[in-house]
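Heads up: the sequence shown is residues 278 to 565, going by my numbering.
We put the CB at the ideal spot given by N, CA and C, even for glycine.
Data block below; observations after.
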Amino acid sequence: MMSSHDPHGGCPLALVILLLVSMDPTATEVVRSVSDCAKFFLEGTPPEIPGVLQHGTIQDQNRYKPICQTFYNTRRFMTLYDTDKKIPVFSAYRYTGHTVDRPSAIWKGEPQLENATSTEVNMRKMKKPTHQASLIDYRSETYNKGHLFPSSHASDKVVQKSTFTMTNAVPQDKAFNVGSWGRMEENVKDRMDELCYNQNNQSEAFVVTGAIPSTNTPPLNNKVNIPTILWTAFCCYNKVSGKWLAYAHWGDNNANTPWLETKTLAELNTAHRVEPFPNDNCRGASQS
């Protein structure tokens with residue numbers, strides 16, 4: 278019979294097994310500044326959103342929390358989360374190609390949003406969190422959990438699973454999600470696959486997707502803000518043309534939203550006062 282104790286002075290075997298079983302590879306970091314997650318922004322420059330995030334500084338640090346979304350000890354994407362509205366302001370990620378299948382994944386919450394001094398960094402299921410949404414809040418016939426960083430844009434299955442966090446989701450009209458918004462996500466993915474190659478001939482684009490909270494729609498489950506508009510934009514370098522390209526889309530969060538037209542970053546900024554890429558390369562980027 279194998280002994281459960283290491284004769285060389287190591288940890289007892291039973292303790293090692295317990296530690297391995299209890300380990301959760303999904304972790305999150307609620308950090309002090311968006312600059313801690315700078316690699317998910319083009320040239321390390323975060324978006325400009327008046328009253329929320331200006332010149333890299335969060336305007337209300339008690340309300341808006343920057344999260345470096347971490348999975349298997351690797352940072353996968355960045356989210357700025359609104360603990361008042363219980364939805365993300367935006368999620369930012371670097372697109373490097375995509376995998377095919379959608380994984381089965383468990384939706385989890387962020388312990389550090391509930392207790393800022395907590396040393397518990399692993400995501401876990403939460404029944405009744407105070408500062409974020411839960412699965413119970415999404416029991417709705419009209420709305421489902423709409424990814425801001427869609428799992429279909431993830432480079433592999435591990436990254437796909439990292440997108441299944443409540444801090445990366447907003448209440449999205451089901452028909453809008455699977456209809457015009459979903460078609461746009463697929464078209465954007467195809468466009469990035471076709472056009473976005475850096476100087477090393479590697480697939481690369483920077484993407485920011487956000488939500489504009491409603492001011493008069495009753496919250497989902499009397500808790501979670503239902504955004505009126507979802508927006509997204511990407512910017513990338515095209516090695517063939519030697520030019521930077523940038524595209525934007527947005528739409529009303531309802532079942533009647535038609536096909537989403539491709540817009541410029543300037544049009545997005547004019548319409549919704551959002552500047553996802555305050556970089557000279559993207560500001561002057563073309564759409565061809």
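Inset, instruction - Spell out a yes or no on whether the region 488–495 and the region 457–472 are touching, meaning 3 or more CB-CB pairs, one atom from each, closer than 8 Å. - result: Verdict: no, contact absent.
Inset, instruction - Report yes if the CB atom of ARG353 is closer than 8 Å to the CB atom of GLN346, and no otherwise. - result: Here the question's residue 353 lines up with position 76 in the sequence shown. Here the question's residue 346 lines up with position 69 in the sequence shown. Yes; because the gap between Cβ atoms is below 8 Å, this pair is in contact.
Legend entry - Where the beta strand (DSSP E) containing PHE230 begins and where it ends: The chain is shown only over 278 to 565; residue 230 falls outside these bounds and no answer can be derived.
Inset, instruction - Measure the CB-CB distance between LYS451 and THR419 and report whether it falls below 8 Å. - result: Here residue 451 refers to the residue found at position 174 when the sequence shown is read from its first residue. Here residue 419 refers to the residue found at position 142 when the sequence shown is read from its first residue. Yes.
Inset, instruction - Please report how far the alpha carbon of TRP508 lies from the alpha carbon of LEU390, in whole angstroms. - result: The residue given as residue 508 occupies position 231 in the sequence shown. The residue given as residue 390 occupies position 113 in the sequence shown. Cα-Cα distance, rounded: 25 Å.
Legend entry - Bridge-paired residues (DSSP) for PRO495: As a first step, residue 495 must be located in the sequence shown, where it is residue number 218. PRO495 pairs with nothing; no bridge assigned.
Legend entry - DSSP bridge partner residues for THR356 (one or two, in chain order): If you number the sequence shown from 1, residue 356 lands on position 79. Partner(s): ILE344 and SER368.
Inset, instruction - Could you pull out every residue in the same chain whose Cβ sits closer than 7 Å to the Cβ of SER299, ignoring the five residues on either side in sequence? - result: For the purposes of this step, residue 299 is taken as the residue at position 22 of the sequence shown. With a pLDDT of 37 at SER299, under the threshold of 50, the modelled position of this residue cannot be trusted; read the value that follows with caution. If we look at SER299 and ignore the five residues flanking it on each side, it has no Cβ neighbours.
Legend entry - Cα-Cα separation between GLU556 and PHE453, rounded to whole angstroms: On the sequence shown, residue 556 is found 279 positions in, with the first residue counted as 1. On the sequence shown, residue 453 is found 176 positions in, with the first residue counted as 1. Residue identity check: residue 556 is Asn in the sequence provided, not Glu. Looking at the two C-alpha atoms, the distance is approximately 31 Å.
Inset, instruction - With a 10 Å radius around its C-beta and 16 neighbouring C-beta atoms as the bar for buried, classify ILE503 as buried or exposed. - result: The residue you call residue 503 lines up with position 226 of the sequence shown. By the 10 Å Cβ count, ILE503 comes out buried.
Inset, instruction - Going by CA-CA distance only, name the one from GLN449, MET443 and ARG416 that's closest to ALA410. - result: As a first step, residue 410 is located in the sequence shown; it is residue number 133 there, counting from the start. Measuring from the Cα of ALA410, the nearest candidate turns out to be MET443.
Inset, instruction - Would you mind giving the Cβ-Cβ distance between TRP441 and ARG371, rounded to the nearest angstrom? I have them listed as a contact below 8 Å. - result: Residue mapping note: residue 441 aligns to position 164 of the sequence shown, counting from 1. Residue mapping note: residue 371 aligns to position 94 of the sequence shown, counting from 1. In the sequence as presented, Trp is not what sits at residue 441; that position holds Phe. In this structure, PHE441 and ARG371 do not form a Cβ contact; the two beta carbons are roughly 19 Å apart against a cut-off of 8 Å.
Inset, instruction - Decide if GLY328 is buried, meaning its Cβ has at least 16 other Cβ atoms within 10 Å, or exposed. - result: The residue given as residue 328 occupies position 51 in the sequence shown. Exposed.
Legend entry - C-alpha distance - THR547 paired with THR376, whole-angstrom precision: In the sequence shown, residue 547 corresponds to position 270, counting from 1. In the sequence shown, residue 376 corresponds to position 99, counting from 1. Whole-angstrom Cα-Cα distance: 34 Å.
Inset, instruction - Measure from the alpha carbon of LYS362 to the alpha carbon of each residue in ASP529, PRO323 and THR407, then state which is nearest. - result: One-based indexing of the sequence shown puts residue 362 at position 85. Ranking ASP529, PRO323 and THR407 by CA distance to the CA of LYS362 puts THR407 first.
Legend entry - Range of the contiguous beta strand (DSSP E) that encloses ASN421: The sequence position of residue 421 within the sequence shown is 144, counting from 1. That run of the beta strand (DSSP E) goes 420–424.
Inset, instruction - Alpha carbon to alpha carbon, how far is GLU325 from ARG550? Give it in angstroms, no decimals. - result: Here residue 550 corresponds to residue number 273 of the sequence shown, with the count starting at 1. Here residue 325 corresponds to residue number 48 of the sequence shown, with the count starting at 1. Each residue's alpha carbon lies about 8 Å from the other.
Inset, instruction - Pick out whichever of ILE383, LEU537 and ILE344 has its Cα sitting closest to the Cα of VAL307. - result: Taking the sequence shown and counting its residues from 1, one reaches residue 307 at position 30. Out of ILE383, LEU537 and ILE344, ILE344 has the C-alpha closest to the C-alpha of VAL307.
Inset, instruction - Measure from the alpha carbon of THR351 to the alpha carbon of each residue in GLN331, SER381, VAL366 and SER439, then state which is nearest. - result: Residue mapping note: residue 351 aligns to position 74 of the sequence shown, counting from 1. Looking at the Cα atoms, SER439 is the closest of the given residues.
Legend entry - Status (buried if at least 16 other CB within 10 Å, exposed otherwise) for TRP527: Translated into the one-based positions of the sequence shown, residue 527 becomes position 250. So TRP527 counts as buried.
Inset, instruction - For PRO553, count neighbouring Cβ atoms within 10 angstroms of its own Cβ and tell me buried if that reaches 16, exposed if not. - result: Within the sequence shown, the letter at position 276 stands for residue 553. It is buried - the Cβ of PRO553 has at least 16 other Cβ atoms within 10 Å.
Legend entry - Proximity test, Cβ basis, 8 Å: GLU463 and chain C: Absent from the structure is chain C; it holds one protein chain and no more.
Legend entry - Reduced DSSP category for VAL435 - H, G, I as helix; E, B as strand; rest coil: Locating residue 435 in the sequence shown gives position 158, counting from the first residue. VAL435 falls in the helix class under three-state DSSP.
Inset, instruction - Determine the closest residue to ARG468 out of ASN558, THR373 and PRO448, with distance taken between C-alpha atoms. - result: Within the sequence shown, residue 468 is the residue found at index 191, counting from 1. The option with the nearest alpha carbon to ARG468 is THR373.
Legend entry - Beta-carbon contacts of ASN558 that lie in its chain and below 6 Å, excluding the five residues immediately before and after: On the sequence shown, residue 558 is found 281 positions in, with the first residue counted as 1. Non-local C-beta neighbours of ASN558 in its own chain, meaning closer than 6 Å and more than five positions away in sequence, comprise TRP521, ordered along the chain.
Legend entry - Neighbourhood of SER381 by C-beta, 7 Å cutoff - its chain only, sequence neighbours within 5 removed: Against the sequence shown, residue 381 aligns to sequence position 104. Closer than 7 Å at Cβ, skipping near neighbours: no residue.
Legend entry - Distance CB(LYS342)-CB(ASP414) smaller than 8 Å: Within the sequence shown, numbered from 1, the residue matching residue 342 stands at position 65. Within the sequence shown, numbered from 1, the residue matching residue 414 stands at position 137. Taking 8 Å as the Cβ cut-off, LYS342 and ASP414 do not qualify as a contacting pair.
Inset, instruction - Put ALA446 into one of helix, strand or coil per three-state DSSP. - result: Translated into positions along the sequence shown, residue 446 becomes position 169. The answer is strand: DSSP assigns ALA446 an E or B state.
Legend entry - For LYS540 and ALA562, the rounded distance between their alpha carbons: Taking the first residue of the sequence shown as position 1, residue 562 is located at position 285. Taking the first residue of the sequence shown as position 1, residue 540 is located at position 263. Their Cα atoms are separated by approximately 12 Å.
Inset, instruction - Give the straight-line distance between the Cα atoms of CYS314 and GLU320, rounded to the nearest whole angstrom. - result: Along the sequence shown, read from residue 1 onward, the residue named residue 314 stands at position 37. Along the sequence shown, read from residue 1 onward, the residue named residue 320 stands at position 43. Each residue's alpha carbon lies about 12 Å from the other.
Inset, instruction - Please report the Cβ distance between PRO323 and VAL447, rounded to the nearest whole angstrom; I am assuming they are in contact, meaning their Cβ atoms lie under 8 Å. - result: Position 46 of the sequence shown, counted from the first residue, corresponds to residue 323. Position 170 of the sequence shown, counted from the first residue, corresponds to residue 447. The pair is not a contact, with the Cβ atoms about 19 Å apart (cut-off 8 Å).
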